[in-house]
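*Asks:* Heads up: the sequence shown is residues 0 to 313, going by numbering that gives the first Met the number 0. The C-beta atom is built at its ideal place from N, Cα and C for all residues, glycine as well. Everything numeric in this text was worked out from a predicted model, so none of it was measured.
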Amino acid sequence: MLTRKRTSRGFTLIELLVVIAIIAVLIALLLPAVQAAREAARRAQCTNNLKQIGLAMHNYHGAFEVFPPGYISLVQSTSATAPEFGPGWGWGTMVLNQLEQASLYNAANFSLAITDPGSSTVRTAVLSAYLCPSSVGSGPLVINSTAGAVLASDLSPGQYIGCAGQFEIADSPADNNGLFYRNSRIGLRDIRDGSSTTLMAGERSRNVADATWVGVIPSGQICTKPAFKPTPECDPSNAMVLGHTGPSPGANVNIDTPNNKAAGADDFWSLHPGGCNFLFCDGSVRFIKASVNASVFSYLSTRAGGEVVSSDQF
């Protein structure tokens, strides 16, 4: 009897190429969706961080009837050219007790300078509540003087800065028109523009410039990153805990909206596509788009400017 030999038929080259092409198209469709989902999760975590900070701020206000100072300094002059004396502890350190970091708060000696060896426990502590997961870069901050000397090389980073108001941090260290400045003592009673339309804090990603929750290193400076600006733009180190919107009286009349490509070291910026998360004085968190009207964004930074801003304008 004759037997028929069975032969197995495989893929032809054309069929194989078609299958590969289909898989490549599916991956190309899937990757943006995965990346968008991851960014949505990071943005939600960033929003939650700001809500926790807002809750801590209001608990602090409940205890002391004012919000914490932008940073503390022994300097008595309000002049922008007066040298900072420190100790420099910032608003982020002041609310540690309300941020469920009582042990770290108790380790802080607010009469010592941030750079003092006795301040190393607080100075070097990395807190996830102050870090936006969408930001880039890691590791401690290195703070230099204007002469290039290293003042601190182990300062803990942060991506949330207090809103000082419209004016340049360097030009108005002690009398800005927002919520935070040097030795500020602003309470809800002083926010006459309304707490729901007044900025408390916002983001600054490390791809633009460094920031910290710890405080201000006297005589230090902060500069934009070379990858962001070929010619770095530098400001005094009080811009590491505070940001402004503009315009400022005098030469700088610009308003730096969120994610402005011309942003300086004292502005707001995030790597969230299209804008930044901001904490308002009523404790709410809203995403302000980069396309926001510049005047509206500027009005949001003042505590008692008398401007009328509706919630559908930002």
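Measure how close the beta-carbons of ALA107 and THR123 come, nearest whole angstrom, since I'm counting them as under 8 Å.
*Replies:* The sequence position of residue 107 within the sequence shown is 108, counting from 1. The sequence position of residue 123 within the sequence shown is 124, counting from 1. 12 Å between Cβ atoms; not a contact.
*Asks:* Determine the contact status of ASN258 and GLY282, defining contact as a CB-CB distance below 9 Å.
*Replies:* Taking the sequence shown and counting its residues from 1, the one referred to as residue 258 is at position 259. Taking the sequence shown and counting its residues from 1, the one referred to as residue 282 is at position 283. The answer is no: Cβ separation not under 9 Å.
*Asks:* In the DSSP assignment, find the unbroken alpha helix (DSSP H) run with GLY177 in it and report its ends.
*Replies:* In the sequence shown, residue 177 corresponds to position 178, counting from 1. Careful: GLY177 lies outside any alpha helix (DSSP H) and carries neither H nor E.
*Asks:* Compute the Euclidean distance between the alpha carbons of GLY263 and GLY245, then round it to the nearest angstrom.
*Replies:* Stepping through the sequence shown from its first residue, residue 263 is reached at position 264. Stepping through the sequence shown from its first residue, residue 245 is reached at position 246. If you take the alpha carbons of GLY263 and GLY245, they lie about 11 Å apart.
*Asks:* Just confirm the distance between the C-beta atoms of GLY85 and SER72, as a whole number of angstroms; I'd bet it's less than 8 Å.
*Replies:* The count along the sequence shown starts at 1 and reaches residue 85 at position 86. The count along the sequence shown starts at 1 and reaches residue 72 at position 73. With a Cβ gap of about 6 Å, GLY85 and SER72 count as contacting.
*Asks:* What does DSSP give as the partner residues of VAL149 in its beta bridges?
*Replies:* Locating residue 149 in the sequence shown gives position 150, where the first residue counts as 1. VAL149 pairs with ASN143.
*Asks:* Within this structure, are the beta carbons of THR279 and GLY53 separated by less than 9 Å?
*Replies:* Numbered from its first residue, the sequence shown carries residue 279 at position 280. Numbered from its first residue, the sequence shown carries residue 53 at position 54. The displayed chain sequence assigns Phe, not Thr, to residue 279. It is a contact, given that the beta carbons lie within the stated cut-off.
*Asks:* Specify the secondary structure class of CYS280 as computed by DSSP and reduced to three states.
*Replies:* Reading the sequence shown from its first residue, position 281 is the one you call residue 280. It is coil, neither helix nor strand.
*Asks:* Determine, using beta-carbon pairs with one atom in the region 173 to 189 and one in the region 113 to 121, whether at least three such pairs fall under 8 Å.
*Replies:* Too few Cβ pairs lie closer than 8 Å, so no.
*Asks:* Can you list, in chain order, the residues of its chain with a C-beta nearer than 8 Å to that of VAL295? Leave out the 5 residues immediately preceding and following it.
*Replies:* Within the sequence shown, the letter at position 296 stands for residue 295. Same-chain partners within the cutoff: VAL308, GLN312, PHE313.
*Asks:* For a test of the three-state rule: what should DSSP assign to TRP212, helix, strand or coil?
*Replies:* Taking the sequence shown and counting its residues from 1, one reaches residue 212 at position 213. The answer is coil: DSSP assigns TRP212 none of H, G, I, E or B.
*Asks:* Which residue comes first and which comes last in the alpha helix (DSSP H) that contains GLY91?
*Replies:* Locating residue 91 in the sequence shown gives position 92, where the first residue counts as 1. Here the alpha helix (DSSP H) through GLY91 covers 90 to 93.
*Asks:* Please report how far the alpha carbon of GLU83 lies from the alpha carbon of THR145, in whole angstroms.
*Replies:* The residue given as residue 83 occupies position 84 in the sequence shown. The residue given as residue 145 occupies position 146 in the sequence shown. Those two C-alpha atoms are separated by around 14 Å.
*Asks:* Can you tell me whether PRO229 is buried or exposed, with buried defined as 16 or more other CB within 10 angstroms of its CB?
*Replies:* Locating residue 229 in the sequence shown gives position 230, where the first residue counts as 1. PRO229 comes out exposed.
*Asks:* Give the C-beta separation of GLN158 and ALA210 to the nearest angstrom, bearing in mind that I take them to be a contact with Cβ-Cβ under 8 Å.
*Replies:* Within the sequence shown, the letter at position 159 stands for residue 158. Within the sequence shown, the letter at position 211 stands for residue 210. Yes, they are in contact, since the Cβ atoms of GLN158 and ALA210 sit about 6 Å apart, within 8 Å.
*Asks:* By alpha-carbon positions, which one of ASN48, GLY201, PRO156, ASP255 ends up nearest to VAL125?
*Replies:* On the sequence shown, residue 125 is found 126 positions in, with the first residue counted as 1. Nearest option by C-alpha distance: PRO156.
*Asks:* Judging by CA-CA distance, which residue of ALA20, LEU16, PHE63 is the nearest neighbour of ARG188?
*Replies:* Here the question's residue 188 lines up with position 189 in the sequence shown. If we check each option's Cα against that of ARG188, PHE63 comes out closest.
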